[in-house]
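These notes are about the structure you will find just below.
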Amino acid sequence: MSVNNIIEIDDELRILGTAHVSSESVELVRNQIEEWGPDLVAVELCPSRMAALTEPESLESEDLLKIIKEGRSAMILLQSALAAQQRRMGISSGEKPGAELLAAVNAAEESDIPVEMIDRDVVITLRRAWKKMGMVEKWRILNAILWEEDDEEVSIDEILGDSDLLSSMMEEAREVAPRAGEVLIDERDSFLAGRIQQIRGKGKVLVVIGAGHLSGVVQNLGEPAFETTSRLAELSEEPPKSVWPIALMAAIPVFLLGTVGWMAYNGEMEELKQTAQTWLALNALLAGLGVLIARGHPLSILVGAIASPITLLNPTLAAGWFPGVNPAKIASPTGKRAPRKFSRSWTRPRYSGRTEWGGCCW
Numbered sequence: 348m349s350v351n352n353i354i355e356i357d358d359e360l361r362i363l364g365t366a367h368v369s370s371e372s373v374e375l376v377r378n379q380i381e382e383w384g385p386d387l388v389a390v391e392l393c394p395s396r397m398a399a400l401t402e403p404e405s406l407e408s409e410d411l412l413k414i415i416k417e418g419r420s421a422m423i424l425l426q427s428a429l430a431a432q433q434r435r436m437g438i439s440s441g442e443k444p445g446a447e448l449l450a451a452v453n454a455a456e457e458s459d460i461p462v463e464m465i466d467r468d469v470v471i472t473l474r475r476a477w478k479k480m481g482m483v484e485k486w487r488i489l490n491a492i493l494w495e496e497d498d499e500e501v502s503i504d505e506i507l508g509d510s511d512l513l514s515s516m517m518e519e520a521r522e523v524a525p526r527a528g529e530v531l532i533d534e535r536d537s538f539l540a541g542r543i544q545q546i547r548g549k550g551k552v553l554v555v556i557g558a559g560h561l562s563g564v565v566q567n568l569g570e571p572a573f574e575t576t577s578r579l580a581e582l583s584e585e586p587p588k589s590v591w592p593i594a595l596m597a598a599i600p601v602f603l604l605g606t607v608g609w610m611a612y613n614g615e616m617e618e619l620k621q622t623a624q625t626w627l628a629l630n631a632l633l634a635g636l637g638v639l640i641a642r643g644h645p646l647s648i649l650v651g652a653i654a655s656p657i658t659l660l661n662p663t664l665a666a667g668w669f670p671g672v673n674p675a676k677i678a679s680p681t682g683k684r685a686p687r688k689f690s691r692s693w694t695r696p697r698y699s700g701r702t703e704w705g706g707c708c709w
């Protein structure tokens, strides 16, 4: 581990930059707590991620539909991405993503040292990122995660030992999705710095964060404390829901019903019957084909085909919900199965800056 990843802000504040899938980072965190003897350990976690690390069996045993209904599906998505990231990087140390953060929590608790969670809630972060991205940017991220391959391979030791290399990789990730980069990197750098300013003055504070945030956090700490802490409230807000997609969805059934009414008013019953049959057939066929391409169960294909024409008339319903819920009702999957299923499809074998969203950023 490079000394560049251990920064002394002053005698009372030390910041460690770690890799979330590195056994070396785990050992460094434990050694720093034992040798430096902090009065407080701050970790780059929010309550949701802390629960996922300390009580994974709780999330894994829960019904997947219950998780989705309670708005915690973001945690499943994040765990899937991290699991896939670990495989792509070829990590053979046996450490799971976030192991060094869990090690910091465990070591602090063993020494009766208070632990402070300083990261923004993961659900708010993902919602803000999704809201800021346009369709092109969302496609770029999906493409970078699922299909693109790079010829260059980069090891964990190279990443942690070369701060310039890490900065270059972060900037490459930002080129793929600049708006998401603003939320996942810049906003969280500012949020982490603000939380660190809040807990300064409580004795010796050891902060454990991902190496990708190190330079940004240190830069933000150079600003007046009042400025960094005053931004916390704004950065904690969930993005407002946009009205125009709902209005557009509502306009579709109004247009269809208006067309039907106009044709009926003008006595075009034969044309209306033919149009309705064509519309029903196309909707059912395309919906069923979509489920088939997604390798859905035969019963899900049938459900999707039947539901599609109906859901088009109701903007509050989505055709994909019904074939998706159908197998979930039958098989009752748990939170443990979802990350395993999703991450198997993310099979890129190499690590590159384009996948920075998975490992180092979180």
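So for the sequence shown, our numbering puts the first residue at 348; every next one is plus one.
Using N, Cα and C, we set each Cβ at its ideal position, and we do this for glycine too.
Quiz item: DSSP three-state call for Asp-357: helix, strand or coil?
Solution: Position 10 of the sequence shown, counting from 1, holds the residue named residue 357. Residue state, collapsed to three classes: strand.
Quiz item: Within 10 angstroms of its Cβ, does Pro-712 collect 16 or more other Cβ (buried), or is it exposed?
Solution: With the chain running from 348 to 709 in the structure shown, residue 712 is simply not present.
Quiz item: Taking Cβ to Cβ, would you say Ala-450 is nearer than 9 Å to Met-480?
Solution: Residue mapping note: residue 450 aligns to position 103 of the sequence shown, counting from 1. Residue mapping note: residue 480 aligns to position 133 of the sequence shown, counting from 1. Cβ distance not < 9 Å, so Ala-450 and Met-480 don't count as in contact.
Exercise. With a threshold of 16 other CB atoms inside 10 Å of the CB of Arg-642, please say whether the residue is buried or exposed.
Key: Counted from its first residue, the sequence shown places residue 642 at position 295. Looking at its Cβ environment, which holds fewer than 16 other Cβ atoms inside 10 Å, Arg-642 is exposed.
Quiz item: Who are the Cβ neighbours of Asp-468 in its own chain at under 8 Å, not counting the five residues just before and after it?
Solution: Within the sequence shown, residue 468 is the residue found at index 121, counting from 1. Hits under 8 Å: Cys-393, Pro-394, Ser-395 and Ser-583.
Quiz item: Using CA coordinates, which residue listed in Trp-591, Leu-619, Ile-593 and Pro-592 is at the minimum distance from Leu-603?
Solution: Mapped onto the sequence shown, residue 603 falls at position 256. Among Trp-591, Leu-619, Ile-593 and Pro-592, the Cα nearest to that of Leu-603 belongs to Leu-619.
Quiz item: Mind checking Val-483: buried by the 16 CB within 10 Å criterion, or exposed?
Solution: In the sequence shown, residue 483 corresponds to position 136, counting from 1. Its Cβ having fewer than 16 others within 10 Å, Val-483 is exposed.
Self-check item: Beta-bridge partners of Thr-365, as assigned by DSSP
Solution: Counting from 1 along the sequence shown, the entry for residue 365 is found at position 18. DSSP, once it has assigned bridges, lists Gly-557 as partnering Thr-365.
Quiz item: Between the C-alpha atoms of Lys-549 and Val-650, what's the straight-line distance to the nearest angstrom?
Solution: By one-based count along the sequence shown, residue 549 stands at place 202. By one-based count along the sequence shown, residue 650 stands at place 303. Each residue's alpha carbon lies about 59 Å from the other.
Practice problem: Please determine if the segment 534-544 and the segment 557-569 are in contact, where contact requires at least 3 C-beta pairs separated by less than 8 Å. | Solution: yes
Quiz item: Where do the N-terminal and C-terminal ends of the beta strand (DSSP E) with Leu-539 fall, by residue?
Solution: The sequence position of residue 539 within the sequence shown is 192, counting from 1. From DSSP, Leu-539 is part of no beta strand (DSSP E) but of the alpha helix (DSSP H) over 535-546.
Exercise. Within the same chain, show all residues whose beta-carbon is closer than 8 Å to that of Thr-576, passing over the 5 residues directly before and after it, in chain order.
Key: Counting from 1 along the sequence shown, the entry for residue 576 is found at position 229. Gly-541, Gln-544 and Gln-545.
Quiz item: For Met-464, which residues does DSSP report across the bridge?
Solution: Residue mapping note: residue 464 aligns to position 117 of the sequence shown, counting from 1. Met-464 pairs with Val-390.
Exercise. Look at Val-552 and Leu-387 and say whether their C-beta atoms are less than 9 Å apart.
Key: Residue mapping note: residue 552 aligns to position 205 of the sequence shown, counting from 1. Residue mapping note: residue 387 aligns to position 40 of the sequence shown, counting from 1. A contact, by the Cβ cut-off of 9 Å.
Quiz item: Is Val-590 helix, strand or coil by DSSP?
Solution: Translated into positions along the sequence shown, residue 590 becomes position 243. Looking at Val-590 - three-state DSSP - the assignment turns out to be coil, as it is neither helix nor strand.
Quiz item: Roughly how many angstroms separate the alpha carbons of Val-554 and His-644, rounded to a whole number?
Solution: Locating residue 554 in the sequence shown gives position 207, where the first residue counts as 1. Locating residue 644 in the sequence shown gives position 297, where the first residue counts as 1. Going by the C-alpha atoms only, they are around 48 Å apart.
Quiz item: From Val-530 to Lys-588, what does the alpha carbon distance come to, in whole angstroms?
Solution: Here residue 530 is taken as the residue at index 183 of the sequence shown, counted from 1. Here residue 588 is taken as the residue at index 241 of the sequence shown, counted from 1. Cα to Cα, the separation comes out at about 17 Å.
Quiz item: Can the beta-carbon of Arg-475 be found closer than 9 Å to that of Glu-534?
Solution: For this step, residue 475 is matched to residue 128 along the sequence shown. For this step, residue 534 is matched to residue 187 along the sequence shown. Going by C-beta atoms, Arg-475 is nearer than 9 Å to Glu-534.
Quiz prompt | Expected contact under 8 Å - CB spacing of Leu-360 and Asn-352 to nearest Å | solution = Counting from one through the sequence shown, the residue named residue 360 turns up at place 13. Counting from one through the sequence shown, the residue named residue 352 turns up at place 5. 15 Å between Cβ atoms; not a contact.
Self-check item: Beta-bridge pairing of Val-552 - partner residues as DSSP gives them
Solution: What you label residue 552 is simply residue 205 of the sequence shown in a count that begins at 1. Note: Val-552 sits in a beta bridge opposite Leu-360 and Leu-387.
Quiz item: With a Cβ-Cβ cutoff of 9 Å, do Ile-356 and Ala-455 count as a contact?
Solution: Indexing the sequence shown from 1 puts residue 356 at position 9. Indexing the sequence shown from 1 puts residue 455 at position 108. No, these two residues do not count as a Cβ contact at 9 Å.
Self-check item: Same chain, Cβ closer than 6 Å to Val-460, neighbours up to 5 away in sequence not counted
Solution: Along the sequence shown, one-based indexing puts residue 460 at 113. Going by the sequence as given, residue 460 is Ile instead of Val. If we look at Ile-460 and ignore the five residues flanking it on each side, its Cβ neighbours are Val-388.
Exercise. Take the Cβ of Ile-465 as the centre, count every other Cβ of all protein chains shown within 10 Å, and call the residue buried at 16 or more, exposed below.
Key: Taking the first residue of the sequence shown as 1, we reach residue 465 at position 118. By the neighbour-count rule (16 or more Cβ atoms within 10 Å), Ile-465 is buried.
Practice problem: Determine the contact status of Val-470 and Val-390, defining contact as a CB-CB distance below 9 Å. | Solution: For the purposes of this step, residue 470 is taken as residue 123 along the sequence shown, with counting starting at 1. For the purposes of this step, residue 390 is taken as residue 43 along the sequence shown, with counting starting at 1. Result no, Cβ atoms of Val-470 and Val-390 do not sit closer than 9 Å.
Quiz prompt | Sequence-distant residues of the same chain with beta carbon closer than 6 Å to Lys-478, five excluded per side | solution = As a first step, residue 478 is located in the sequence shown; it is residue number 131 there, counting from the start. These residues qualify, in order along the chain: Pro-586.
Self-check item: Alpha carbon of Leu-512 to alpha carbon of Arg-521, nearest angstrom
Solution: As a position in the sequence shown, residue 512 is number 165, starting the count at 1. As a position in the sequence shown, residue 521 is number 174, starting the count at 1. Residue placement at Leu-512 cannot be trusted, given a pLDDT of 45 that sits under 50; what the coordinates show is reported in the next sentence. Leu-512 and Arg-521: Cα-Cα distance of roughly 14 Å.
Self-check item: Beta-carbon contacts of Leu-627 that lie in its chain and below 7 Å, excluding the five residues immediately before and after
Solution: Taking the first residue of the sequence shown as position 1, residue 627 is located at position 280. Answer for Leu-627: Pro-656, listed in chain order.
Exercise. Taking 9 Å as the cut-off, decide whether the C-beta atoms of Val-447 and Val-376 are in contact.
Key: Walking along the sequence shown from the start, residue 447 turns up at place 100. Walking along the sequence shown from the start, residue 376 turns up at place 29. Note on residue identity: the sequence assigns Glu, not Val, to residue 447. In this structure, Val-376 lies closer than 9 Å to Glu-447 by Cβ.
Practice problem: For Leu-632, I'd like the list of residues in its chain whose CB is within less than 8 Å of its CB, leaving aside the five on either flank, ordered along the chain. | Solution: Sequence index remark: in the sequence shown, residue 632 carries index 285 (1-based). Cβ neighbours of Leu-632 beyond the five flanking positions: Ala-652.
Quiz item: Which one of Gly-445, Gly-384 and Glu-374 has the shortest CA to CA distance from Ala-398?
Solution: Counting from 1 along the sequence shown, the entry for residue 398 is found at position 51. Checked all of Gly-445, Gly-384 and Glu-374; the closest Cα to Ala-398 is Gly-445.
Quiz item: With respect to the alpha helix (DSSP H) encompassing Met-480, which residues constitute its N-terminal and C-terminal limits?
Solution: Position 133 of the sequence shown holds residue 480. Neither: Met-480 is in no alpha helix (DSSP H) and is coded neither H nor E.
Exercise. Give the straight-line distance between the Cα atoms of Ile-640 and Thr-622, rounded to the nearest whole angstrom.
Key: Position 293 of the sequence shown holds residue 640. Position 275 of the sequence shown holds residue 622. The alpha-carbon atoms of Ile-640 and Thr-622 are separated by roughly 27 Å.
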